[in-house]
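Student:
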Amino acid sequence: MPTSPFGRTVCAMVTPFDADGRLDLDGAQELADHLVTRGGCDGLVLNGTTGESPTTGAAEKTALVTAVAEAVGDRARITAGVGSADTRQTVELARAAEAAGAHGVLVVTPYYSRPPQEDVAEHFRMVADAVGVPVMVYDIPARTGTRIEPDTMLRLAEHPRVAGVKDCANDLLGSAKVIAATGLAYYAGSEELNLPLRAVGGTGYVSTVANVAGPVLAAALDAFDLGHTAEATALHQRALPLIELMMAAGLPGTVTAKALLGALGLPGGPMRMPLRAASPDRTKALLKAYESTIAGQA
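Structure follows, in C-alpha cells:
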C-alpha cells in the first residue's frame, strides 16, 4: 500500500446508475475493479461531486462504499466524500462511511454560508474528532465560496487525523508554503496541476480524468519520480487536450467522464438531473481526444 493514507494516483470515481437512474452497485464494483487493475489508480474517492453526491441519498452513499470496499479489498485506498453544508450531517456521513469500510473521508468546506476561517477550521476538527480514519480536507473556493486560507491549513495540520488536502485553490505558492511547513499529503484536484504540484512536494492527484485516462496520468508522475523529467513533461502535455475538453469546456467533469465511459463500454450510465448527457457531437470529440491521449500507452 502507498505511504499516504489516501493513495497517490487517486480517481474521483463516477457513481454508476442503471437505465432507470437507480444506483448500479454491480456496475460500481466492475468500474472500481477496472480502475484499480488496469486504470493506474491506487486510490478511489467515492461520493464526491464527480460521484454526483448532491443527488444521492445517505443510504446510497453507504451502499456504494460497502460495495466498492468489497470489490477492491486491500488493493486500493477508499476515501468517501462526506461533505455537506451542515456540520452535524457531515459528522453523521463520516461515521457511516467509516463503518462501511472507507479508509478515509473527504470533507469539503461548508458551502453557501461562507463561514469565517475559525468556523471553517472547527468544522473540520469536529469531523476529525468524530472518526478514527484520516481526513482529507477539500479546498475548492470556486464552488464553496470560501477559501481555506494557508494559515488555517497550518492550524488544521496540528490535528492528528487531518492528513491530506485535495487542492483546487489554484494557488501554487500558498500550497507550496503549507507543504513545506507540514506533513499534509497534498493532492492536485485540477489535473493541469498534477505535475506542477508534485514538483513542489505534492503527493499525487485526485482526478476525474482518471476515470478514463488514469494510466497516462500515473505514468507522468512515475516518470517524474524516477528523474525522467522530459518524459514526465511530454506525458503531462499529451493529456492536456483531454483534460481541457473534459474539465474546462463547459460541461461538468461527471458528464464528460460518463460520456467517455459509455463510449468505451464501461459502467457509468446516465446522470441524475439537473445534469444531462453530453451530446453525440461532444462525445465524439471527447473520444477523439481520449484516443490521442492514450495512443501508445501500454
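If you read the sequence shown in my numbering, its first letter stands for residue 1138, the second for the next number, and so on. Beta carbons: idealized from backbone N, C-alpha and C, even for Gly. Because the structure is a prediction, the values reported are computed rather than measured.
Can you give me the start and stop residues for the beta strand (DSSP E) that Ala1217 sits inside?
Tutor: That run of the beta strand (DSSP E) goes Arg1214 to Gly1218.
Student: Where DSSP assigns a beta bridge to Ala1149, which residues make up the other side?
Tutor: The partner list for Ala1149 (beta bridge, DSSP) reads Val1182.
Student: In three-state terms, what does DSSP make of Met1138?
Tutor: Low per-residue confidence applies at Met1138: pLDDT is 36, beneath 50, and the placement is therefore not dependable enough to give any value.
Student: When burial is assigned at 16 or more other CB atoms within 10 Å of the CB, is Met1138 buried or exposed?
Tutor: The pLDDT assigned to Met1138 is 36, lower than 50, so where the model puts this residue is not dependable; a value taken from the coordinates is nonetheless given after this. The residue in question, Met1138, is exposed, as its Cβ has fewer than 16 Cβ neighbours within 10 Å.
Student: Could you tell me the distance, in whole angstroms, from the CA atom of Ala1361 to the CA atom of Leu1162?
Tutor: First, the residue type needs correcting, since residue 1361 is Phe and not Ala in the sequence shown. Going by the C-alpha atoms only, they are around 36 Å apart.
Student: Could you compute how far the alpha carbon of Gly1402 sits from the alpha carbon of Ala1237?
Tutor: C-alpha separation (whole angstroms): 29 Å.
Student: Would you kindly check if the distance between the Cβ of Phe1261 and the Cβ of Arg1214 is under 7 Å?
Tutor: Going by C-beta atoms, Arg1214 is not nearer than 7 Å to Phe1261.
Student: Please look up how many angstroms separate the CB atoms of Leu1354 and Glu1328, rounded, as I've assumed it's under 8 Å.
Tutor: The pair is a contact, with the Cβ atoms about 7 Å apart (cut-off 8 Å).
Student: Hey, how far is the Cα of Leu1398 from the Cα of Gly1311?
Tutor: Looking at the two C-alpha atoms, the distance is approximately 35 Å.
Student: Report yes if the C-beta distance between Thr1430 and Leu1379 is below 7 Å; otherwise report no.
Tutor: The answer is yes: Cβ separation under 7 Å.
Student: Is it buried or exposed for Val1175, if we count other Cβ within 10 angstroms and need 16 for buried?
Tutor: Checking the sequence shown, residue 1175 turns out to be Arg, not Val. Classification of Arg1175: exposed, given that the 10 Å Cβ count is below 16.
Student: Establish whether the CB of Val1272 and some CB of chain B are separated by less than 7 Å.
Tutor: Judged by its chain identifiers, the structure shown contains no chain B, having just a single protein chain.
Student: Which same chain residues end up closer than 6 Å to Glu1167 when comparing Cβ atoms and leaving out the 5 residues on each side of it in sequence?
Tutor: Same-chain partners within the cutoff: Pro1404.
Student: Classify Leu1243 as helix, strand or coil using the three-state DSSP reduction.
Tutor: The answer is strand: DSSP assigns Leu1243 an E or B state.
Student: Starting from the N-terminal side, write out each stretch of the alpha helix (DSSP H) that is 4 residues or longer and does not extend beyond the segment 1349 to 1410.
Tutor: With a minimum length of 4 residues, the continuous alpha helix (DSSP H) runs that stay inside the segment 1349 to 1410 are 1366 to 1384 and 1390 to 1400.
Student: Here's the rule: buried if 16 or more other CB atoms are within 10 angstroms of the residue's CB, otherwise exposed. What is Met1383?
Tutor: Label assigned to Met1383: buried.
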